[in-house]
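The structure under discussion appears below in the form of structure tokens.
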Amino acid sequence: LVLEQLLAVSLPEFGAFRFDSPRFERARRLLRWLPAALVTVGIVYYAVLIGRYTLMTHVGMWTSTADLGEYDNQFFNSLHGHPFRLPASEGNLRDWSALKFHADFIIYVLLPFYAIKPGPESLLIIQTVLVALTALPIYLFGARRLPRWIAAVVALCFLLLPVIQRPNFYDFHAVPIGMFFIAWAVLFLDRILHAERSLRRDYVFFWSSFALALASREDIAFGMVVISLFLLFYGKRLRLVATMLVLSASYFVVIKFVIMPRIGVVWYHAIYDDLKAVGFKNYGAVVATILTNPIFVLRSMVKEPKLLYLLHMTVPVLCLWVRRPYLLIAAVPSVFFTLMVTNRPPMYQTSFQYAFGWFPYIVTASILALEGIGKVAGARRQAAAALALILVATGAGFQYGLLLGGKTIVGGFAEKRVTVTPEEVQRYRELKRLVAQIPPDASVSATAGEGPHVSTRLILYNLGYALGDKPDYILFHKSLSKGEAQRVLPVVESGDYGLVEERDVFMLLRRGHDVTKNPR
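Residue numbers (the numbering used here): 145 to 664.
If you want it as structure tokens, here you go:
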């Protein structure tokens, strides 16, 4: 922040180097396309490097059944005619049962890409590529309001953000997919709102992006409600904005409070237990507290971990989006799902997928802040802010990310290495040899670390939750948790399952197999 102020003073001393001479025509043409070229290189670099690193964490067995194995299992079931069936979560073999957790209809849009090579590796690559590509609509939105080089700076800083890279290493989720489509929806909405005569294709692209964003996950519709309410005060294309508001609100209410509860009841409302008003139930109890005792809600948010979380959302973007009061609206879509949570720390930690819910709102707001600086204080003041943004984003990316080096990153619950040792590679190969003995159509119950390596099938059970309905095979790591041991040992002693083979630290049991090796 100090550097920004100093640059604002010192930049005028450099003067302006002008390319007025005809001999600089070619240089001007090259410079015109240079920002877009740099953004393209950044996107490719992120996709290739981070994609490779996420695959390394899978080989090193840093992934888990929850959530990579579960999503792979759900994708595979969807591919074979079982919509929203997810036995890997709680052993439920009914179609549509997983809809009680999340309305990830976007799965069916991604299925053609997944079908090319079904497996958890495909999901890791799909997620990483879409996260990287989100920088493109951010750049295009910025280029409409800022000099192109500043728009490129914002897009590249987006890729450097630790809160973008960290959750990319926590298995697979639909939230970053929604972030990608929200960014496109914002871009085309901006084109429509500010065009003298809107093109039909802009409407087509907008409504397509809007629908795909809503289809990614049910709570994304809440963000669209917030955007719609904000734009109502903007006063342009009111019919379009009102339609957005009605569709978003209706979708959120119908999916979240009508359809999903009919499929099944989950524990999500329990994460707000400390905010629940007496005499009310579920989410209604939380809303009652927000409306009647907002000071209590604010006090519950003033905690060190939540402050640290908020700093990760502000410092790497130079606090741009918090400088103007009206831009604070960018935080509203995610505050309820993160900072207001009282009983689930992962929801306000930057290594989990919930951080993606803040984007692209705060990046869009940062672009608007830079635009405002240019209008009020001039181009040099705007350039000073952009140069300071480069420094702070680079610093944050270097300390907490991987694009600028580093061999470890916090993803999910733990710090993960993006390099694997020869011993880990050998362990992975031994596991694959064991998995190769399991027929593709067999049902399997597996421990959490081994689940993602055998989840590309119709029936996978998570030994951490339940043994399952007489699975054909049981695959487990020797280091069983107490709950897993309580499920594995009785079936071994019963003689219903026999030890097929032991490789490295892994054991494979088969129902009805010879029990000669069971005493091991």
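Backbone N, C-alpha and C fix where the C-beta goes; we use that ideal spot for every residue, glycine too.
Three-state secondary structure (DSSP) of VAL598: VAL598: coil per DSSP, three-state reduction.
Backbone secondary structure at LEU268 - three-state DSSP: Under the three-state reduction of DSSP, LEU268 is assigned to helix.
Residue burial classification, ILE260 (beta-carbon count within 10 angstroms, cutoff 16): With fewer than 16 other CB atoms across the displayed protein chains lying within 10 angstroms of its CB, ILE260 is exposed.
Segments assigned alpha helix (DSSP H), at least 4 residues, entirely inside the segment 235 to 308: Whole alpha helix (DSSP H) segments, 4+ residues: 251 to 260, 264 to 277, 279 to 287, 292 to 304.
Backbone secondary structure at PHE557 - three-state DSSP: PHE557 carries a coil assignment under DSSP once its states are collapsed to helix, strand and coil.
Residue from PHE257, ARG288, HIS317 whose Cα sits closest to the Cα of GLY556: Comparing Cα-Cα distances from GLY556 to each of PHE257, ARG288, HIS317, the minimum goes to HIS317.
Selection from ALA247, GLY286, PRO489, ILE506 that minimises the alpha carbon distance to SER679: Any property of residue 679 remains undetermined from this structure, which presents the chain solely from 145 to 664.
Terminal residues of the alpha helix (DSSP H) in which GLY642 lies: Annotation: GLY642 is outside any alpha helix (DSSP H); the continuous beta strand (DSSP E) that includes it extends over 641 to 647.
Spatially closest choice to PHE542 from ILE371, SER638, ARG310, GLY639, by CA coordinates: Minimum Cα distance to PHE542 is reached at ARG310.
Delimiting residues of the alpha helix (DSSP H) encompassing ARG361: ARG361 -> no alpha helix (DSSP H), and no H or E assigned at all.
Of the listed residues TRP293, PHE219, ASP640, nearest to ALA527 (C-alpha basis): That would be TRP293, whose Cα lies nearest to the Cα of ALA527.
Minimum C-alpha distance to SER638 - residue among PRO615, ASN662, PHE650: Cα-wise, what sits closest to SER638 is ASN662.
Other residues of its chain near ALA152: CB distance less than 7 Å, five sequence neighbours each side excluded: The beta carbon of ALA152 sits closer than 7 Å to those of ARG524, ARG525, ALA528, all from its chain and outside the five residues before and after it, given in chain order.
Straight-line Cα distance separating TYR283 from PHE163: With a pLDDT of only 45 at PHE163, under 50, the local geometry of the prediction cannot be trusted, and no value is derived from it.
Alpha carbon of PHE374 to alpha carbon of VAL146, nearest angstrom: Cα-Cα distance, rounded: 32 Å.
Three-pair Cβ contact test at 8 Å for the segment 321 to 333 versus the segment 343 to 363: Using a Cβ-Cβ distance cut-off of 8 Å, the segment 321 to 333 and the segment 343 to 363 are in contact, since at least three pairs of beta carbons, one from each stretch, lie closer than that value.
Inter-residue Cα distance where the pair is THR626 and VAL632: Residue 626 is actually Lys in this sequence, not Thr. About 10 Å.
Cutoff 6 Å; reference TYR190; Cβ partners in own chain excluding five residues on either side: So the qualifying residues of the chain are ALA276, LEU303.
Cα-Cα separation, PHE537 to PHE503: Sequence inspection shows Ala at residue 537; the Phe mentioned does not correspond to that position. Straight-line Cα distance between these residues: approximately 16 Å.
PHE374 at chain D interface by Cβ criterion, 8 Å: Here there is only one protein chain, and chain D is not present.
Candidates ASN236, THR207, SER208, of which the one nearest ASN221 by Cα: Its Cα nearest to that of ASN221, the residue ASN236 stands out among ASN236, THR207, SER208.
Run of the alpha helix (DSSP H) containing ALA521, from where it starts to where it stops: Here the alpha helix (DSSP H) through ALA521 covers 505 to 521.
Member of ALA513, PRO596, LEU452 whose CA lies at the smallest distance from the CA of LEU462: Distances from the CA of LEU462 to each of ALA513, PRO596, LEU452 were compared; the closest alpha carbon is that of ALA513.
Nearest-angstrom Cβ-Cβ length linking ILE250 and SER360, presumed shorter than 8 Å: The C-beta distance from ILE250 to SER360 rounds to 4 Å, short enough to fall under 8 Å.
Beta-carbon separation (whole angstroms), ILE194 vs THR278, contact threshold 8 Å: No, ILE194 and THR278 are not in contact; Cβ-Cβ is about 13 Å, not under 8 Å.
Buried or exposed (CB count within 10 angstroms, at least 16 for buried), GLY593: With at least 16 other beta carbons inside 10 angstroms of its own, GLY593 counts as buried.
Boundaries of the alpha helix (DSSP H) in which VAL485 is found, first to last residue: Where VAL485 is concerned, there is no enclosing alpha helix (DSSP H), given that its DSSP letter is neither H nor E.
MET205 (DSSP reduced to helix, strand or coil): In the structure shown, MET205 falls within a coil segment according to DSSP collapsed to helix, strand and coil.
Assumed close pair PHE496, TYR641 - CB separation to whole angstroms, cut-off 8 Å: The beta carbons of PHE496 and TYR641 sit about 36 Å from each other, so the pair does not count as a contact at 8 Å.
Segment contact, 8 Å Cβ cut-off, at least three pairs: the segment 196 to 213 with the segment 237 to 244: Taking a cut-off of 8 Å for Cβ pairs, the segment 196 to 213 and the segment 237 to 244 do not touch, as fewer than three such pairs fall below it.
Residue interval of the beta strand (DSSP E) (run including ALA590): Counting along the chain, the unbroken beta strand (DSSP E) around ALA590 starts and ends at 588 to 590.
CA-to-CA distance, GLU646 to PHE481, given in whole angstroms: In this model, PHE481 and GLU646 are separated by some 44 Å (Cα to Cα).
Whole-angstrom C-beta distance between ILE434 and ASN487, which should lie under 8 Å: No, ASN487 and ILE434 are not in contact; Cβ-Cβ is about 16 Å, not under 8 Å.
Per DSSP, cross-strand counterpart(s) of LEU604: Bridge partners of LEU604: VAL588.
In DSSP terms, what HIS621 is bridged to: Answer by DSSP bridge pairing, in chain order: PHE650.
8 Å Cβ cutoff met for GLU234 and TYR609: Yes, the pair counts as a contact, with Cβ atoms nearer than the cut-off.
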